[in-house]
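Peer 1: Here it is: the structure, laid out below.
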Amino acid sequence: MSNRREFVAWGALAIGTLAAARESAAFAQGTAPPRAAGAAAADPLYAFVYDDRFPDSAAFAAQARARGQRTQSLDHGDVTRLWYDDLYHQWKKGPVGIAGLTTPGALFVLETFGNDAGLRLQFKADHRRRGNQVEHRLFGPGPMLRAALPLETSGNQWSAHMGRVMCAARRRSFERSEVRLTTQVSGGPPGENDYLVSWVLAPRSRGSMTTWGS
Amino acid sequence: MAVLPAGVGAGDFAKVLQEFGSAVGSQWVFSSPEDMDLYRDAYSIVWGEPQERRASAAVAPENVEQVQAVVRIANKFKVPIYAISTGRNLTYGGSAPNYTGSVVVDLKRMNKIISVDDRRNFAVVEPGVSYFDMYRHIQEKGLKVWIDCPDPGWGSLMGNALDHGIGYTYGVYRDHFGAHCGMEVVLANGEVMRTGMGALPKATSWQDYRYGYGPYVDGLFAQGNFGIVTKMGFWMLPQPENYLSGMVMVPRYRDLTALIDQVNYLEDSGLIAPPGYFSPAGGGLFGPPDPKLKDLMANGWPSDDALEAFAKNKNAACWGASLAMLGPAATVQGTWDYIKQRIGGAISGATFKDGETLKFPLTPEQQAKFPHRVAVGIPNMEVYSLVTRSPINNPADPPFGHADFTCVISRTGESVFEAQRAFYEAFTEFGVPSQIGPFSGPITWHQRTFIMGPIIWTYRDAERNKKARALFNHLIDMAASHGWAEYRTAPVFQDRLAAQFSFADHSLLRFTEALKDAADPNGILSPGRGGIWPKHLRASQKGRQNL
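Order-wise, the sequence lines are chains A and B.
In this text, residue positions in the first sequence follow this note's numbering: the first is 35, and each later residue adds one.
In this text, residue positions in the second sequence follow this note's numbering: the first is 12, and each later residue adds one.
This is the structure we're talking about:
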């Protein structure tokens, strides 16, 4: 586990190519152009899932929409409609990745369904609101974690930044690093926004997928 | 490969996996750590500890012949195997085996709906068919039958029935094992057996008459380890025409006894779906704890008078029951009128609230608005969004899962009062706030069955889990001292639970052990499931009750 400083020093050596590092650094500085409809991602994401009971989740989805991504809201936090009417049919055809910013419970259900369809959790970040701070604990490929570093200065826009990170990321790697970051936020009671997770479920790897029931 | 079966070296196990691969296709044999993580119990109360039950590999056959081949290979190498259907079974062990090192036989690929008959109202399915699959099939084909499903709809009809799971419609259907009629089983020697009328080669009544001729053996395959069930028939509820609900409230604390007696009569007469008991004064199962109730209990268990005064101050009845009826419009209305007349005459001060009347099939808008869709046969995953936001759950520090203490008590008010106090005192003894108090009602479970008991939260934290296990074990013992026991529990508690059924020096367990030794001499099938260990493991494993 690393804090920001350790992660940057270690991650640059341990993870990723120079190109990926340049890309994520440019992205982190806001100089990389937004991608359209996942065009440049190695494996485009089928949908960005959000829970409109939570403003942070809605902001995440708005950012994804602004970058041309398809978004899907849960039904008061319930994944049934999304899975039964939509993902079930998509995953019968083959594993397609999805991303989201939801409660841990919704992720648990989607991850379990996704595992049966040949998907695996590629990236996960816990976002815990504690007073005027949001504590982030991120697990995933190095380039995604590096791209997430501006979370520390993103203030109330932290979830929108997570949307940008996920729109831009490549999805081939299941390598897993960890970093912890903190965002100072203002306004609004913590309430039920206390604990959200952002995540990417991606096809496990080419040629070795587990596709049940097809 | 992180785990090996006991007594099997890495080289030999590689040969086992190779043979499994030859039988089912090598792409359907899993042993990488990444794959095996999926067979851990996500809710485990022993997560990451030495006691956690871990599988060594998994194999996923596609048909009965492949299951037979897998069983024969397991026998040849004396490798333990553990069959799962869709492998959900969360709170009761997930996909993880009882015996570490077992190879999971994952039956998800066997997902054929073999038949659904809406003239005789039954279905025949393979293990990998989920409630969602069956519902989708019925909707797409326009069949006039309902499923009876548990709260999360992603589980297997067969898997749930074989763990004695339940649903929410009329008694005969919501006892999922009780609603089955006929099964096909791969035995420990690799032979295939059919039960009931299925054993008669030309019979067309396999799903009509369950007993066939001779001893009825189906019960051995539920919560047991005598075979791998590969097909099951289920009786299905013909699509009802209407739904009508209502509530009855009774004012006094001890009125619960009379209310239960009255509702027992209604349920046992086949007039109502499972009743839901609640306390308007004290809140429901997932209701927030009333701080005033805590004050009331500060000096010990309150008197009946104090509890009634508490309810009166809130202008609330002490107890209520929500009742639902399914059937023709005149029948359900007539039943509700009868209920009001019957209970109104038996319990003074009883009041009634008319509920919703719906005609089936529901419109999408009606479905969306219906508060508990499984009660009308619609599978969903809503429970995960409800529990996440439950006030009894700390949103800033949510647990990873839970181990439910679903404890069968007798179906009387006297038992409910006794259980309230016993659970409360057990929690108090452990210094843990009790989820059960003087306004906790029973939960209707199988037909003619009440359960009471708390939800024990589990974490990815060994210290917290250790305390939770100590409490859970204490509850098993405490319950048995009152004559109560869980109907189902996770593998880590199964030995302790089975040991409570000790009548005549554990004659029931000794009988099933004798059967096990005869039917599965190598002890390869799900060792330890239901507390039944094969002979060669009995001494070393059976005593591992104190976690």
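Positions of the beta carbon are idealized from the N, C-alpha and C atoms, including for glycine.
Just to check my reading of the structure: A/A133 and A/V234 have Cβ atoms closer than 8 Å, yes? What is that Cβ distance to the nearest angstrom?
Peer 2: 5 Å
Peer 1: Can you tell me where the alpha helix (DSSP H) with A/K126 in it begins and where it stops?
Peer 2: 122 to 127
Peer 1: Quick one: give me the first and last residue of the alpha helix (DSSP H) that B/F483 is part of.
Peer 2: 473 to 493
Peer 1: Taking Cβ-Cβ distances below 9 Å as the criterion, which residues of the stretch 96 to 117 of chain A are in contact with chain B?
Peer 2: L108, D109, H110, G111, D112, V113, T114, R115, W117
Peer 1: For A/R198 and chain B, any beta-carbon pair shorter than 9 Å?
Peer 2: no
Peer 1: Do B/A190 and B/R120 have their beta-carbon atoms positioned less than 9 Å apart in this structure?
Peer 2: no
Peer 1: If you reduce the DSSP assignment to three classes, tell me which class B/G366 lands in.
Peer 2: strand
Peer 1: What residue does the beta strand (DSSP E) around B/W468 start on, and which one ends it?
Peer 2: Here the beta strand (DSSP E) through B/W468 covers 466 to 469.
Peer 1: What three-state label does DSSP hand B/Y110 in the structure shown?
Peer 2: coil
Peer 1: Run through DSSP, which three-state label would B/S42 get?
Peer 2: coil
Peer 1: Is B/M336 helix, strand or coil by DSSP?
Peer 2: Three-state DSSP puts B/M336 in a strand.
Peer 1: Does the pairing of the stretch 125 to 136 of chain B with the stretch 247 to 255 of chain B give three or more beta-carbon distances under 8 Å?
Peer 2: yes
Peer 1: For A/F61, count neighbouring C-beta atoms within 10 Å of its own C-beta (all shown protein chains included) and say buried if the count is 16 or more, exposed if not.
Peer 2: Note that A/F61 has pLDDT 35, beneath the 50 cutoff, so the model's placement of it is unreliable and the number below is only indicative. Classification of A/F61: buried, given that the 10 Å Cβ count is 16 or more.
Peer 1: Kindly confirm or deny that the stretch 123 to 132 of chain A and the stretch 208 to 221 of chain A touch, where touching means at least three C-beta pairs closer than 8 Å.
Peer 2: no
Peer 1: What distance in whole Å lies between the Cβ atoms of B/A233 and B/F289, which are believed to be in contact at a cut-off of 8 Å?
Peer 2: The distance from the Cβ of B/F289 to that of B/A233 is about 31 Å, inconsistent with a contact at the 8 Å cut-off.
Peer 1: Determine, for A/F147, whether the minimum Cβ-Cβ distance to residues of chain B falls below 9 Å.
Peer 2: yes
Peer 1: On the three-state DSSP scale, how would you describe B/N391?
Peer 2: Secondary structure of B/N391 (DSSP, three-state): strand.
Peer 1: Let me see if you follow: with CB-CB separation under 9 Å, is B/F143 close to chain A or not?
Peer 2: yes
Peer 1: Which residue spans inside the stretch 302 to 357 of chain B form an unbroken beta strand (DSSP E) run of at least 3?
Peer 2: 330 to 338
Peer 1: Closest to B/E393 by CA distance: which of A/A181, A/R204, A/D85, A/D109 is it?
Peer 2: A/D109
Peer 1: For a contact defined as C-beta to C-beta under 9 Å, what are the partners of B/S167 on chain A?
Peer 2: In chain order: nothing, as chain A lies at least about 12 Å away.
Peer 1: Where do the ends of the alpha helix (DSSP H) carrying B/L270 lie?
Peer 2: 266 to 279
Peer 1: Using a Cβ-Cβ cut-off of 9 Å, state whether A/D90 counts as contacting chain B.
Peer 2: no
Peer 1: Residues of chain A with a CB under 7 Å from the CB of B/P409: which are they?
Peer 2: Those within 7 Å of B/P409 in chain A are P138, Y229.
Peer 1: Tell me, please, whether the stretch 259 to 276 of chain B touches the stretch 343 to 363 of chain B by the rule of three or more beta-carbon pairs shorter than 8 Å.
Peer 2: yes
Peer 1: Give me the subset of the stretch 234 to 268 of chain B whose CB atoms are less than 7 Å from a CB atom of chain A, sorted by chain position.
Peer 2: So the list is empty, because no residue satisfies the distance condition.
Peer 1: With distances taken Cα to Cα, identify the nearest neighbour of A/A203 among A/A236, A/E212, A/G189, A/Q191.
Peer 2: A/A236
Peer 1: Leaving out five residues on either side along the sequence, give the residues of the same chain with a beta carbon under 8 Å from the beta carbon of A/G72.
Peer 2: Below a pLDDT of 50, predicted positions are generally treated as unreliable, and A/G72, at 37, falls in that range; the measurement from the model is reported next regardless. Contacts found: P78, L79, G102, Q103, C201.
Peer 1: Using a beta-carbon distance below 9 Å, is A/G247 in contact with chain B?
Peer 2: Its pLDDT being 30, under 50, A/G247 is placed unreliably by the model, and the measurement read from it follows with that caveat. At least one chain B Cβ lies under 9 Å of A/G247.
Peer 1: On the CB-based measure, 16 or more other CB atoms within 10 Å of its CB, does B/I125 come out buried or exposed?
Peer 2: exposed
Peer 1: Would B/A199 and B/A530 be called neighbours here (beta carbons separated by less than 9 Å)?
Peer 2: yes
Peer 1: In three-state terms, what does DSSP make of B/G238?
Peer 2: The DSSP-derived three-state label of B/G238 is strand.
Peer 1: Residues of the stretch 102 to 122 of chain B with a CB closer than 8 Å to any CB of chain A: list them in chain order, please.
Peer 2: For the stretch 102 to 122 of chain B, which is checked against every Cβ of chain A, the residues closer than 8 Å are K119, R120, N122.
Peer 1: By Cβ distance below 8 Å, which residues in the same chain neighbour B/G338 in space, the five residues on each side in sequence not counted?
Peer 2: P251, E252, N253, T346
Peer 1: Indicate whether at least one CB of chain B lies closer than 9 Å to the CB of A/D120.
Peer 2: no
Peer 1: For B/G139 and B/L118, which I take to be in contact (beta-carbon distance under 8 Å), what is that distance rounded to the nearest angstrom?
Peer 2: 5 Å
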